[in-house]
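If you read the sequences in order, they're chains H and C.
To convert, note that position 337 of the first sequence is 337 in the numbering used here; the numbers rise steadily by one, no gaps.
Add 350 to a position in the second sequence, counting from 1, and you land on the number used in the numbering used here.
Report on one structure; see the data block that follows.
Number of protein chains: 2
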Amino acid sequence: MSNKNIGIKDVAVAAGVSVTTVSHVLNDVSYARISPETRDKVRSAAEELGYGPNRLAQALRTQRTGMLGLVSEDIATTPHAGRIILGADEAAKARGYNLMIINTSGSASLASRQADVEALLERRVDGILYATMYHRNVELPANLGNVPSVLVDSVAAGGNITAVVPDEEGGARTAVEALLAAGHTRIGFLNNTDDVPATHERLRGFRATLAEAGLDGAAAPVESEVSEVQGGYEAARRILAREDRADMPTALFCYNDRMAMGAYRAAAELGLSIPTDLSIVGFDDQELIAANLHPGLTTVALPHYEMGAWATEHLIDAVEGKTDLALMALHPTILSCPLVRRDSIAAPRP
Amino acid sequence: MSNKNIGIKDVAVAAGVSVTTVSHVLNDVSYARISPETRDKVRSAAEELGYGPNRLAQALRTQRTGMLGLVSEDIATTPHAGRIILGADEAAKARGYNLMIINTSGSASLASRQADVEALLERRVDGILYATMYHRNVELPANLGNVPSVLVDSVAAGGNITAVVPDEEGGARTAVEALLAAGHTRIGFLNNTDDVPATHERLRGFRATLAEAGLDGAAAPVESEVSEVQGGYEAARRILAREDRADMPTALFCYNDRMAMGAYRAAAELGLSIPTDLSIVGFDDQELIAANLHPGLTTVALPHYEMGAWATEHLIDAVEGKTDLALMALHPTILSCPLVRRDSIAAPRP
DNA sequence: GTTCTTGTTGCTCATCTGTCTCCCACGTCC
DNA sequence: GGACGTGGGAGACAGATGAGCAACAAGAAC
Chain H
1 MSNKNIGIKD
11 VAVAAGVSVT
21 TVSHVLNDVS
31 YARISPETRD
41 KVRSAAEELG
51 YGPNRLAQAL
61 RTQRTGMLGL
71 VSEDIATTPH
81 AGRIILGADE
91 AAKARGYNLM
101 IINTSGSASL
111 ASRQADVEAL
121 LERRVDGILY
131 ATMYHRNVEL
141 PANLGNVPSV
151 LVDSVAAGGN
161 ITAVVPDEEG
171 GARTAVEALL
181 AAGHTRIGFL
191 NNTDDVPATH
201 ERLRGFRATL
211 AEAGLDGAAA
221 PVESEVSEVQ
231 GGYEAARRIL
241 AREDRADMPT
251 ALFCYNDRMA
261 MGAYRAAAEL
271 GLSIPTDLSI
281 VGFDDQELIA
291 ANLHPGLTTV
301 ALPHYEMGAW
311 ATEHLIDAVE
321 GKTDLALMAL
331 HPTILSCPLV
341 RRDSIAAPRP
Chain C
351 MSNKNIGIKD
361 VAVAAGVSVT
371 TVSHVLNDVS
381 YARISPETRD
391 KVRSAAEELG
401 YGPNRLAQAL
411 RTQRTGMLGL
421 VSEDIATTPH
431 AGRIILGADE
441 AAKARGYNLM
451 IINTSGSASL
461 ASRQADVEAL
471 LERRVDGILY
481 ATMYHRNVEL
491 PANLGNVPSV
501 LVDSVAAGGN
511 ITAVVPDEEG
521 GARTAVEALL
531 AAGHTRIGFL
541 NNTDDVPATH
551 ERLRGFRATL
561 AEAGLDGAAA
571 PVESEVSEVQ
581 GGYEAARRIL
591 AREDRADMPT
601 ALFCYNDRMA
611 MGAYRAAAEL
621 GLSIPTDLSI
631 VGFDDQELIA
641 ANLHPGLTTV
651 ALPHYEMGAW
661 ATEHLIDAVE
671 GKTDLALMAL
681 HPTILSCPLV
691 RRDSIAAPRP
């Protein structure tokens with residue numbers, strides 16, 4: 001229990017040595033030659049007094065705070081931010097760093113986001129993680145360049161800053177392959193309408209995977225809507241509205257879990273039971289939805305935890321001079337999106 | 351853009367005055383007598399150099415960091431933590447403070463949680479917020495007592511630390527009143543099985559409100575299950591299993607939104623449509639669920655944002671000596687739980 | 001009209017916060 | 001008289017703070 005105001009000085013007095021010696025002992029300074037007895041005296045004095053170092057003074061002197069800044073968009077509105085924070089926090093803790101989190105909004109002005117970074121800089125964080133709540137291109141505050149920094153879940157509009165993003169196309173491939181493996185050949189895609197990387201790359205992955213399986217990817221049915229439950233419902237109604245049941249898709253790949261939730265409702269209304277009449281795969285693995293739908297939704301997980309951890313790991317490497325971030329800035333690092341199997345895929349009816 | 355390593359000293363040189371004067375000017379020290387011209391010189395020199403204060407050095411000297419520590423349980427697993435963080439963050443920012451967030455686990459040992467607090471103490475935070483992810487009694491690390499602190503969403507096992515908690519009983523009353531107002535007289539309650547304050551208090555609120563409306567609260571049907579979707583489903587099946595339809599509840603109050611989600615499924619299976627055949631009210635307002643169910647779930651919101659903000663506000667007051675937390679520690683402060691109206695309540699069939 | 005007192009204005013000096021780190025000063029033993 | 005073993009002193013980090021020092025003006029005493 002570090003009682004307030006107990007400093008190295010007090011320990012020195014208690015142990016009957018100089019502050020220098022205390023500092024040497026407590027920090028295990030390699031070149032300091034101090035007898036084992038003195039070391040013991042110092043250590044037990046420190047213990048008894050409940051000494052805890054003043055990290056502020058340490059930081060002032062060493063120019064190292066052991067703190068990483070994390071500016072995160074919309075902490076509260078999406079569970080994704082929580083996963084990133086958790087990944088970053090655990091990676092940081094494991095290496096003796098702490099996180100200072102600044103909440104910002106995706107829609108905040110550049111100036112206000114620059115002020116957020118400034119607050120971190122004033123506190124002399126050793127490096128900065130900049131996390132967005134979904135994969136997109138961001139315009140970054142210029143002062144970010146003043147310390148090592150890594151972008152999480154997006155790429156910089158201007159390029160050349162190290163970044164990690166999810167493998168959208170690969171995730172789509174994984175989803176479609178799972179459907180193909182179950183025996184489906186008529187697969188539809190409920191896509192998003194936003195102009196974000198995920199929209200385009202998942203579509204590409206969808207088409208390419210079908211094509212590689214010898215199916216006509218270009219002709220596969222795709223319906224786009226806003227990426228919400230209602231949009232998923234509407235897109236699903238449209239895609240399942242074929243007169244001829246033999247033409248109807250037997251499986252749906254959904255842009256995200258919310259749209260999949262809409263698809264569940266559409267299926268229920270049409271008397272289609274999941275997964276026997278219709279298999280469904282989602283994207284995002286929002287547990288609150290995917291695990292609670294009935295039957296549980298098989299979906300592709302976004303590697304938020306992993307991105308947070310990866311970014312932190314590499315940021316710390318850079319801070320400690322073990323890595324040159326500039327070298328990695330050329331291309332974003334891509335982390336894969338694994339399939340989370342639950343119960344929404346089955347073989348199509350013969 | 352605070353370029354690195356520009357200090358008060360550099361500003362002093364640029365302005366042709368002493369560091370003392372720069373400090374006086376930049377901090378608007380009241381007793382300092384400095385001519386307007388000199389003030390201007392200093393300020394413009396600071397601006398041109400892109401000076402930003404080194405908060406570490408400031409904090410070292412003034413014994414004030416302007417940082418609040420927030421130890422939060424399970425940031426990633428529940429959106430509730432996000433709301434608390436957001437409330438705390440905005441309140442803190444508004445008063446010029448920043449938050450240092452430490453993630454911990456509800457199931458972590460006392461020692462490990464004590465280490466988390468210790469990390470905050472080493473960084474000399476001005477105060478600490480300790481937030482749990484659901485309303486319960488916690489055993490607090492002893493070193494929390496070393497700085498002003500406030501508990502969010504729980505009460506201390508040992509008592510006497512200022513705390514804010516939601517008005518569980520009041521929330522239940524609000525829910526039941528909404529059902530009564532719609533004309534329901536046969537109302538069931540799907541309760542949780544955990545031994546937490548919410549379980550008991552919501553039940554009390556449920557019974558009392560019915561009794562006050564002249565109904566037999568003690569006889570109202572209550573089924574308890576684990577507070578998950580599946581539990582809600584099972585409890586709902588049981589409660590709706592009356593042979594005699596005239597006995598069956600026309601409305602269900604659910605312990606939380608997840609259980610309500612299960613109730614939706616049970617209703618669908620029984621051919622009961624919501625809200626015409628069955629009205630439902632949830633608790634928690636987990637947007638991902640409540641807003642996305644069909645029809646939208648009317649539910650009671652937990653004031654997480656408000657608790658975070660309240661706690662921060664009062665913590666800062668204490669830090670600045672405007673309040674004595676000890677006076678408020680006698681009883682936890684109770685914040686009300688408002689009803690969020692969506693579409694799951696209607697009048698019962700005549 | 002000159003000198004002395006007293007008061008005000010404008011700014012600086014010395015010192016302090018807690019810790020680290022380079023460099024030096026003692027012995028002692030060969 | 002080096003080499004070794006042990007330990008201490010004096011800044012430095014960046015800024016805050018209160019006492020104190022010039023410079024000057026107004027008023028008083030001569």
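C-beta: ideal position from N, C-alpha, C; glycine also.
These numbers come from a predicted model, not from an experiment.
First and last residue of the beta strand (DSSP E) that includes residue i?
i              : result
residue 481(C) : 477-488
residue 504(C) : 499-506
residue 524(C) : Here residue 524(C) belongs to no beta strand (DSSP E); instead the alpha helix (DSSP H) covers 518-531.
residue 192(H) : 187-192
residue 512(C) : From DSSP, residue 512(C) is part of no beta strand (DSSP E); its letter is neither H nor E.
residue 302(H) : Run containing residue 302(H): none; DSSP gives neither H nor E here.
residue 494(C) : Careful: residue 494(C) lies outside any beta strand (DSSP E) and carries neither H nor E.
residue 684(C) : 683-685
I'd like to check one pair, residue j with residue i: are the Cβ atoms closer than 9 Å?
i              : j              : result
residue 438(C) : residue 452(C) : no
residue 519(C) : residue 554(C) : yes
residue 617(C) : residue 623(C) : yes
residue 430(C) : residue 483(C) : yes
residue 556(C) : residue 602(C) : no
residue 450(C) : residue 473(C) : yes
residue 174(H) : residue 227(H) : no
residue 410(C) : residue 478(C) : no
residue 699(C) : residue 626(C) : yes
residue 416(C) : residue 381(C) : no
residue 517(C) : residue 686(C) : yes
residue 14(H)  : residue 21(H)  : no
residue 581(C) : residue 632(C) : no
residue 256(H) : residue 224(H) : no
residue 551(C) : residue 522(C) : yes
residue 388(C) : residue 424(C) : no
residue 209(H) : residue 180(H) : yes
residue 614(C) : residue 590(C) : no
residue 406(C) : residue 327(H) : no
With distances taken from CA atoms, which of the options is nearest residue i?
i              : options                        : result
residue 306(H) : 334(H), 67(H), 318(H), 324(H)  : 334(H)
residue 366(C) : 377(C), 456(C), 394(C), 631(C) : 394(C)
residue 344(H) : 297(H), 85(H), 309(H)          : 297(H)
residue 390(C) : 374(C), 402(C), 404(C)         : 374(C)
residue 546(C) : 510(C), 564(C), 561(C), 505(C) : 505(C)
residue 475(C) : 561(C), 372(C), 665(C)         : 665(C)
residue 269(H) : 73(H), 233(H), 321(H), 339(H)  : 233(H)
residue 608(C) : 672(C), 630(C), 590(C), 572(C) : 630(C)
residue 310(H) : 239(H), 153(H), 225(H)         : 153(H)
residue 415(H) : 312(H), 199(H), 187(H)         : A query on residue 415(H) cannot be resolved here, the shown segment of chain H reaching from 1 to 350 and no further.
residue 6(H)   : 28(H), 34(H), 27(H), 46(H)     : 46(H)
residue 401(C) : 679(C), 383(C), 360(C)         : 360(C)
residue 428(C) : 595(C), 614(C), 636(C)         : 636(C)
residue 697(C) : 671(C), 680(C), 532(C)         : 532(C)
residue 112(H) : 94(H), 144(H), 90(H), 95(H)    : 144(H)
Can you give me the start and stop residues for the alpha helix (DSSP H) that residue i sits inside?
i              : result
residue 375(C) : 369-376
residue 560(C) : 547-562
residue 675(C) : 675-678
residue 639(C) : 637-640
residue 670(C) : Where residue 670(C) is concerned, there is no enclosing alpha helix (DSSP H), given that its DSSP letter is neither H nor E.
residue 463(C) : 460-472
Return the Cβ separation of residue i and residue j in integer angstroms, given the expectation that the two are a contact with Cβ distance under 8 Å.
i              : j              : result
residue 71(H)  : residue 332(H) : Contact doesn't hold; Cβ gap of about 18 Å is too wide.
residue 497(C) : residue 512(C) : Actually they are not in contact, since the Cβ atoms of residue 497(C) and residue 512(C) sit about 13 Å apart, beyond 8 Å.
residue 426(C) : residue 106(H) : 19 Å between Cβ atoms; not a contact.
residue 121(H) : residue 141(H) : The Cβ separation is near 10 Å, so there is no contact.
residue 289(H) : residue 638(C) : 6 Å
residue 651(C) : residue 688(C) : 5 Å
residue 442(C) : residue 662(C) : 5 Å
Alpha helix (DSSP H) runs contained entirely in the segment 226-284 of chain H, provided each spans 4 or more residues = Taking 4 residues as the minimum length, the alpha helix (DSSP H) runs contained wholly in the segment 226-284 of chain H are 229-239, 257-269, in order along the chain.
May I have a chain-ordered list of the alpha helix (DSSP H) segments no shorter than 4 residues that lie completely inside the segment 382-455 of chain C?
-> Counting only runs of 4 or more, we get 386-399, 405-412, 429-444.
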